[in-house]
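**Student:** Structure below; questions to follow.
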Amino acid sequence: MKEGPLQLTLREMREMFSSARVWAGIVTVAVMIGIIGPFQTFSYFPMGPRIAYWLTTVVITYLGGVFAGSLVVNAFEHYIKANNPVVHILVAGTAAGSAVSVLITLINGIALGDWEIPGFHSIMPWVYCVAISICISALHFIFQRPQSEVINPPKQVPLMARLNVKNRGQLFYLSMQDHYVNIVTSKGAELVLLRLADAIKETDGVVGVKIHRSHWVALDAVAETRKKGSGMVAVMKDGVELPISRGQMDEVRSAGLLPAAPQS
1 MKEGPLQLTL
11 REMREMFSSA
21 RVWAGIVTVA
31 VMIGIIGPFQ
41 TFSYFPMGPR
51 IAYWLTTVVI
61 TYLGGVFAGS
71 LVVNAFEHYI
81 KANNPVVHIL
91 VAGTAAGSAV
101 SVLITLINGI
111 ALGDWEIPGF
121 HSIMPWVYCV
131 AISICISALH
141 FIFQRPQSEV
151 INPPKQVPLM
161 ARLNVKNRGQ
171 LFYLSMQDHY
181 VNIVTSKGAE
191 LVLLRLADAI
201 KETDGVVGVK
211 IHRSHWVALD
221 AVAETRKKGS
231 GMVAVMKDGV
241 ELPISRGQMD
251 EVRSAGLLPA
261 APQS
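So in the UniProt record's numbering the end of the sequence shown lands on 264, straight run, no missing numbers.
Pasting the structure below:
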């Protein structure tokens with residue numbers, strides 16, 4: 001089955017925080033902030049406790065902010081199907097900033113017994129945290145985008161050359177109709193006189209799987225798989241349900257669209 005927002009968020013966080021470089025960066029930033037002692041913490045704590053305070057604060061708020069921002073964005077994409085970068089930035093920033101502001105208040109109140117450390121109560125309200133988080137989300141989008149789109153531009157799928165320009169887009173699925181293949185994309189659909197096997201050969205650059213003798217799907221175009229009657233179907237992003245044949249179950253399962261078969 002396709003991952004839900006929570007499962008996707010947890011997997012993304014596991015991948016991110018399994019990197020030693022990420023943790024090295026977090027600890028380095030926390031120690032530097034602890035030495036500098038911003039927001040009047042320089043006068044509030046001696047050196048050792050100050051570094052410990054900032055290390056705790058940075059780690060907890062970073063984890064909480066990343067989790068909240070990613071979860072809300074993944075849920076937004078899953079249920080609303082929105083893919084607007086501006087919306088993503090605003091949603092992620094608001095969610096992360098809200099989580100960070102709550103966590104800072106809890107850390108100060110629970111760990112220190114002081115809900116208003118000098119310097120925090122006036123400059124770290126919810127609005128301030130959200131504003132900073134939105135800026136960070138925007139910078140992350142700006143600096144991440146060139147790496148994926150400029151340094152490593154996506155390859156043109158050869159099959160797209162067979163379509164009218166207006167129908168060229170993200171490849172969703174291929175379906176046989178008599179001697180034609182119905183090529184369905186995010187921009188439309190078009191019948192092409194071609195064998196399904198030959199059409200699949202021209203999907204280079206798209207990860208997909210043949211789910212039926214008459215149907216091939218791109219993995220990222222599958223919204224979900226579910227039981228229907230005595231069989232299974234793949235529900236595509238455009239709402240179309242395509243049957244999964246019993247003979248293709250192993251391949252579909254290997255592609256991650258179905259749960260692993262129970263062990264006997």
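Even glycine gets a Cβ: it sits at the ideal position worked out from N, Cα and C.
In whole angstroms, give me the CA-to-CA distance for A138 and I60.
**Tutor:** Stepping through the sequence shown from its first residue, residue 138 is reached at position 138. Stepping through the sequence shown from its first residue, residue 60 is reached at position 60. Rounded to the nearest angstrom, the two C-alpha atoms are 22 angstroms apart.
**Student:** Over the uninterrupted beta strand (DSSP E) stretch that includes V182, give me the two end residues.
**Tutor:** Against the sequence shown, residue 182 aligns to sequence position 182. The residue asked about is misnamed: residue 182 is Asn in this sequence, not Val. It spans Y180 to T185 - the beta strand (DSSP E) in which N182 sits, taken as one unbroken run.
**Student:** Contact defined as beta carbons within less than 8 angstroms: I believe L174 pairs with T225. What is the distance between those atoms, to the nearest angstrom?
**Tutor:** In the sequence shown, counting from the first residue as 1, residue 174 sits at position 174. In the sequence shown, counting from the first residue as 1, residue 225 sits at position 225. Actually they do not touch by this definition, with Cβ atoms about 17 angstroms apart.
**Student:** What does the Cβ neighbour count give for N202, buried or exposed, with the cut at 16 atoms within 10 Å?
**Tutor:** What you label residue 202 is simply residue 202 of the sequence shown in a count that begins at 1. Correcting the residue identity first, residue 202 is Glu in this sequence and not Asn. Label assigned to E202: buried.
**Student:** Can you list, in chain order, the residues of its chain with a C-beta nearer than 7 angstroms to that of K237? Leave out the 5 residues immediately preceding and following it.
**Tutor:** Walking along the sequence shown from the start, residue 237 turns up at place 237. So the list reads F172, A221 and A223, once near-sequence residues are dropped.
**Student:** Would you be able to state if there are at least three C-beta pairs under 8 angstroms between the region 60–69 and the region 13–26?
**Tutor:** yes
**Student:** Is the beta carbon of N167 closer than 8 angstroms to that of A199?
**Tutor:** Working through the sequence shown from its first residue, we reach residue 199 at position 199. Working through the sequence shown from its first residue, we reach residue 167 at position 167. In this structure, N167 does not lie closer than 8 angstroms to A199 by Cβ.
**Student:** Could you tell me which residues DSSP puts in a beta bridge with I244?
**Tutor:** For the purposes of this step, residue 244 is taken as the residue at position 244 of the sequence shown. Bridge partners of I244: M232.
**Student:** Hey, is V192 close to the ligand ATP, as in C-beta under 7 angstroms from one of its heavy atoms?
**Tutor:** In terms of ligand content, the structure shown is empty, and the ligand ATP therefore cannot be addressed.
**Student:** With DSSP collapsed to three states, give me the class of T203.
**Tutor:** As a working mapping, residue 203 is identified with position 203 in the sequence shown. It is coil, neither helix nor strand.
**Student:** Is the beta carbon of C129 less than 8 angstroms from the beta carbon of G97?
**Tutor:** Locating residue 129 in the sequence shown gives position 129, counting from the first residue. Locating residue 97 in the sequence shown gives position 97, counting from the first residue. Contact: yes.
**Student:** Check L106 in the structure and name its three-state DSSP category.
**Tutor:** As a position in the sequence shown, residue 106 is number 106, starting the count at 1. Note: L106 maps to helix in three-state DSSP.
**Student:** Under three-state DSSP, which class holds V157?
**Tutor:** On the sequence shown, residue 157 is found 157 positions in, with the first residue counted as 1. In the structure shown, V157 sits in coil (DSSP, three-state: anything other than H, G, I, E or B).
**Student:** Sorted by chain position, which residues of the same chain lie with C-beta nearer than 6 angstroms to V181's C-beta, five sequence neighbours on each side aside?
**Tutor:** Here residue 181 is taken as the residue at index 181 of the sequence shown, counted from 1. Here V181 has L174, V192, L194, L196 and A199 as same chain residues with Cβ atoms under 6 angstroms from its own Cβ, once five neighbours each way along the sequence are excluded.
**Student:** According to the neighbour-count rule (16 or more other Cβ atoms, all chains shown, within 10 Å of its Cβ), is T28 buried or exposed?
**Tutor:** Working through the sequence shown from its first residue, we reach residue 28 at position 28. Exposed, since its Cβ has fewer than 16 Cβ neighbours within 10 Å.
**Student:** What's the call for R246, buried or exposed, on a 16-neighbour Cβ count within 10 Å?
**Tutor:** To locate residue 246, count along the sequence shown from 1; it is residue 246. Under this definition R246 is an exposed residue.
**Student:** Check for me: the alpha helix (DSSP H) holding L8 runs from which residue to which?
**Tutor:** Numbered from its first residue, the sequence shown carries residue 8 at position 8. Segment P5 to F17, the alpha helix (DSSP H) holding L8.
**Student:** Please classify K210: is it buried, with 16 or more other beta-carbons within 10 angstroms of its beta-carbon, or exposed?
**Tutor:** Taking the first residue of the sequence shown as position 1, residue 210 is located at position 210. With 16 or more other Cβ atoms within 10 Å, it is buried.
**Student:** Would you mind stating whether T9 and L90 have Cβ atoms separated by less than 8 angstroms?
**Tutor:** Counted from its first residue, the sequence shown places residue 9 at position 9. Counted from its first residue, the sequence shown places residue 90 at position 90. It is not a contact, given that the beta carbons lie outside the stated cut-off.
**Student:** Could you pull out every residue in the same chain whose Cβ sits closer than 8 angstroms to the Cβ of V240, ignoring the five residues on either side in sequence?
**Tutor:** Within the sequence shown, residue 240 is the residue found at index 240, counting from 1. Excluding positions up to five away in sequence, the list reads Y173 and V184.
**Student:** Buried or exposed for N152, going by 16 or more other Cβ atoms inside 10 Å?
**Tutor:** Along the sequence shown, one-based indexing puts residue 152 at 152. In this prediction, N152 has a pLDDT of 46, which is less than 50 and means its spatial position is unreliable; what the coordinates show is noted afterwards. Result: exposed.
**Student:** Out of N74, V31 and M47, point me to the one whose CA is closest to V58's CA.
**Tutor:** Translated into the one-based positions of the sequence shown, residue 58 becomes position 58. In this structure, V31 is the residue among N74, V31 and M47 with its C-alpha nearest to the C-alpha of V58.
**Student:** Can you tell me the Cα-Cα spacing of P158 and P38, whole angstroms?
**Tutor:** Working through the sequence shown from its first residue, we reach residue 158 at position 158. Working through the sequence shown from its first residue, we reach residue 38 at position 38. If you take the alpha carbons of P158 and P38, they lie about 55 angstroms apart.
**Student:** Let me know the secondary structure DSSP gives F141 once reduced to three states.
**Tutor:** Counted from its first residue, the sequence shown places residue 141 at position 141. In this structure, F141 counts as helix in the three-state DSSP scheme.
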